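Position 154 (the sequence shown) corresponds to 154 in this note's numbering; numbering is contiguous.
So the structure is just underneath, and the comments pick up after that.
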Amino acid sequence: NAHAQGLIEKARHNNADLPKSHRAVQQMEASLKAAKLGYLPSVGLNPNAGYVGINSSTDFQYDLPVALDWQLDIFGRNTTAKRKANALTEEYKDLEQATKAELIASVAKAYYSLAMIDNQIKIADTTIRIREKALETQQALMDAGLSNSAAVSQFAAELCAVKVQQGELQRQFNEVRNSLSVLLNENLSD
1 NAHAQGLIEK ARHNNADLPK SHRAVQQMEA SLKAAKLGYL PSVGLNPNAG
51 YVGINSSTDF QYDLPVALDW QLDIFGRNTT AKRKANALTE EYKDLEQATK
101 AELIASVAKA YYSLAMIDNQ IKIADTTIRI REKALETQQA LMDAGLSNSA
151 AVSQFAAELC AVKVQQGELQ RQFNEVRNSL SVLLNENLSD
C-alpha cells in the first residue's frame, strides 16, 4: 500500500530514535578506526625556531626534532581494543537495524489496525441505522397493537449495545491514531 509506505518513510525521517542509533554507530566506527590506528607508529614533530646570540653576534636557528614511537603489541592490548571496538560497532549496527525494523513494523501495524477499526466503525454505523429503523418499525407495530413493549425494549437494547460498541471502536481508533502520531512525531488530525 502506497499510503502505508509513505507513512513508514515519514516515520523514518521524523523519528527521534533513529538519528540517536545512527550517531552511536558512527561513534563506534570512530572507536574502531582509533583502535586500528594503535598498530601504526606514532610520529611527533616539535619544531622550534628563534634567534640565538651572544653579544653582537645573533643567528637565527631552526630546531626540528622528530620522534618516532612504535610499540609492539606483545600483550595483545591493541588487538583486544580492536576486537572490542569491532564487536561494539557490530552490536550498534544491529541495534540500529532493529530500531528501523521495529519502527517499520509498528507503523505498518498501526496503519492496518486503523483501517480495520475504521471498517468496523462503518459497519457499526450501518448497523445503527438499520436498528434505528427496526426500532421505529417495532414502535409503530406496538402503536398499532401488533407488538408489545417487551419487543420494543429488546430492539432499543440492541440499538444501545451497538452504540456502545461503536463508542468503544472510536476510542480504540483514537488510541491507535495517537500511537501512530508518536511514531511519526507529528499530530494527526481527523
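Even for Gly, the Cβ is constructed at its ideal location relative to N, Cα and C.
Values in this document were obtained by computation on a predicted structure and should not be read as measured data.
Out of curiosity, what's the CA-to-CA distance linking residue i and residue j?
i: L114; j: R171; result: 11 Å
i: N15; j: E29; result: 22 Å
i: L169; j: I117; result: 6 Å
i: K192; j: E96; result: Residue 192 is absent from the model: the chain starts at 1 and stops at 190.
i: I191; j: R129; result: Residue 191 lies beyond the stretch modelled for the chain, which goes from 1 to 190, so this question has no answer here.
i: T137; j: G145; result: 12 Å
i: K20; j: Q166; result: 40 Å
i: Q139; j: N174; result: 35 Å
i: F60; j: E91; result: 56 Å
i: E9; j: T127; result: 37 Å
i: S191; j: S147; result: Nothing in the structure corresponds to residue 191, since the chain is present only between 1 and 190.
i: V152; j: N119; result: 29 Å
i: T79; j: Y51; result: 47 Å
i: Q5; j: A124; result: 28 Å
i: K100; j: D94; result: 10 Å
i: A105; j: G44; result: 52 Å
i: R83; j: Q27; result: 15 Å
Please go through the same chain and pick out, in chain order, the residues whose beta-carbon is closer than 8 Å to the beta-carbon of residue i, but skip the five residues on each side of it.
i: R131; result: F155, E158, L159, V162
i: T58; result: Y51, V52
i: N185; result: A11, N14, N15, A16
i: N187; result: S181
By Cβ distance, which residues of its chain are closer than 7 Å to residue i, with the 5 residues on each side in sequence left out?
i: S149; result: M142
i: V176; result: A110, S113, L114, I117
i: A134; result: F155
i: N48; result: D63
i: S179; result: A110
How many whole angstroms separate the CB atoms of residue i and residue j, which I take to be in contact at a CB cut-off of 8 Å?
i: L183; j: A2; result: So it is not a contact: roughly 18 Å between Cβ atoms.
i: L18; j: L88; result: Not really, about 19 Å apart at Cβ, beyond 8 Å.
If I follow the unbroken alpha helix (DSSP H) through residue i, where does it start and stop?
i: G167; result: 149-184
i: N1; result: No alpha helix (DSSP H) holds N1; DSSP gives it neither H nor E.
Sorted by chain position, which residues of the same chain lie with C-beta nearer than 6 Å to residue i's C-beta, five sequence neighbours on each side aside?
i: Y24; result: Correcting the residue type first, residue 24 is Ala in the shown sequence and not Tyr. Here the set comprises Y92.
i: V107; result: L7, I8, A11, L183
i: N46; result: P65
Examine the ligand NAD and report whether any of its heavy atoms sits within less than 6 Å of the Cβ of residue i.
i: L18; result: Of the ligands one can find in the structure shown there are none, so the ligand NAD has no counterpart to examine.
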